[in-house]
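First up is the structure itself, then whatever we jot down about it.
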Amino acid sequence: MIRKITGIIAMLCNLIVAKAQDRPTLDLTAGISRNMLSGNQLENLSNSGTVQRGCNVIIGLSVFNPITTSFGLKHEVLYSPTTVILHLNDGNQPVYKSKLNRQIIQLYPLSPAFHYKNLQVSAGPYWGIVSGGSIQRKDLQGNLFKDHTIYGSSASSGGYLHKWDLGISGTLAYTLSSKLHIGLRYTQGFIALTENTAEQQQQQVYSKYTSLAVGYRLF
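Using full-length UniProt numbering, read the sequence shown as starting at 1 and increasing by one per residue.
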């Protein structure tokens, strides 16, 4: 039985290789991302649950493995500093706007992609690695400063940023030429924004992104 299964897998792999139309391609991708938070506990993070979108630059690399003329697999890695605007009330000052910043490496490891003429539709899992973070706060004199303690560590008592995120994404892309394409992507995270080691139930606030990027084919 194992030999039969192994034989079927080998046959399918050979069929995929035989049907591959072209070699894998590598694209340089750059664009803008609009970042937002969602969830039913936003008021625990921002006064009255008010959160404003932030806009940041994204840049990265994308590999496309064509399987047939209309189907292939995409693998992408992007870097983006992400910002959202919160409204804070820390008791020392009136409510003020505060930027919550995170540096995120965005991985899209395996996204099936379907082609039709110049259009491409793809969807797949998302994995975010948070490499840094800060939030703006005010001192007693009313001066804004960056508080990096929100990035925290596993030894922190709680309220620090999760170091990773998991979710799903979908992309609609249009080929402009043999070297250029433009794509619109939506990504929804499912891991809570902040972590509290003292509580089993984590805060229900999640990240979501909408990005518009241009890809340039390197080879």
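For glycine and all other residues, C-beta sits at the position ideal for the given N, C-alpha and C.
On the criterion of 16 or more Cβ atoms from any shown chain inside 10 Å, does L12 qualify as buried, or is it exposed? The pLDDT assigned to L12 is 47, lower than 50, so where the model puts this residue is not dependable; a value taken from the coordinates is nonetheless given after this. It counts as exposed.
By the DSSP assignment, the beta strand (DSSP E) with D139 in it spans what residues? Premise fails: D139 is in no beta strand (DSSP E) and is neither H nor E.
Taking only the alpha-carbon atoms, compute the straight-line gap between D27 and S131 and give it to the nearest angstrom. 24 Å
Integer Cβ distance of L37 from V205, believed to fall under 8 Å: 6 Å
Does DSSP put I9 in a helix, in a strand, or in coil? Any reading at I9 is ruled out, since the residue's pLDDT is 46, under 50, leaving its predicted position unreliable.
Reference G170; option with closest CA among V214, Y108, I85 and G49: The residue with the shortest Cα to Cα distance from G170 is Y108.
For the ligand MG, is there a heavy atom less than 7 Å away from the beta-carbon of P66? The ligand MG is not part of the structure shown, which contains no ligands of any sort.
Between the C-alpha atoms of I32 and D139, what's the straight-line distance to the nearest angstrom? 32 Å
Between S207 and G183, is the Cβ-Cβ spacing less than 8 Å? no
Spatial neighbours of L60 within its chain, please: C-beta separation below 7 Å, excluding the five flanking residues on both sides. In the sequence on display, residue 60 carries Gly and not Leu. Hits under 7 Å: T29, E76, V77, L78 and Y79.
Out of P66, V57 and N35, which has the shortest C-alpha to C-alpha gap to D22? P66
To the nearest whole angstrom, what separates the beta carbons of K74 and A113, a pair I think is in contact under 8 Å? Right, the Cβ-Cβ distance comes to about 5 Å (below 8 Å), so this counts as a contact.
Per-residue burial, Y209 [other beta carbons within 10 Å of its own, 16 or more giving buried]: By the 10 Å Cβ count, Y209 comes out buried.
List the whole-angstrom C-beta distance separating G152 from L161, where the pair is believed to meet the contact cut-off of C-beta under 8 Å. 6 Å
C-beta contact flag for P94 and N56 at 8 Å: No. Outside cutoff.
Reducing DSSP to helix, strand and coil, say where L180 ends up. Strand at L180.
Cβ atoms of P125 and F64: under 8 Å apart, would you say? no
Best match in Q106, H115 and K99 for proximity to S70 [C-alpha to C-alpha]: Looking at the Cα atoms, H115 is the closest of the given residues.
Would you decide whether L119 is buried or exposed? Buried here means 16 or more other CB atoms lie within 10 Å of its CB. exposed
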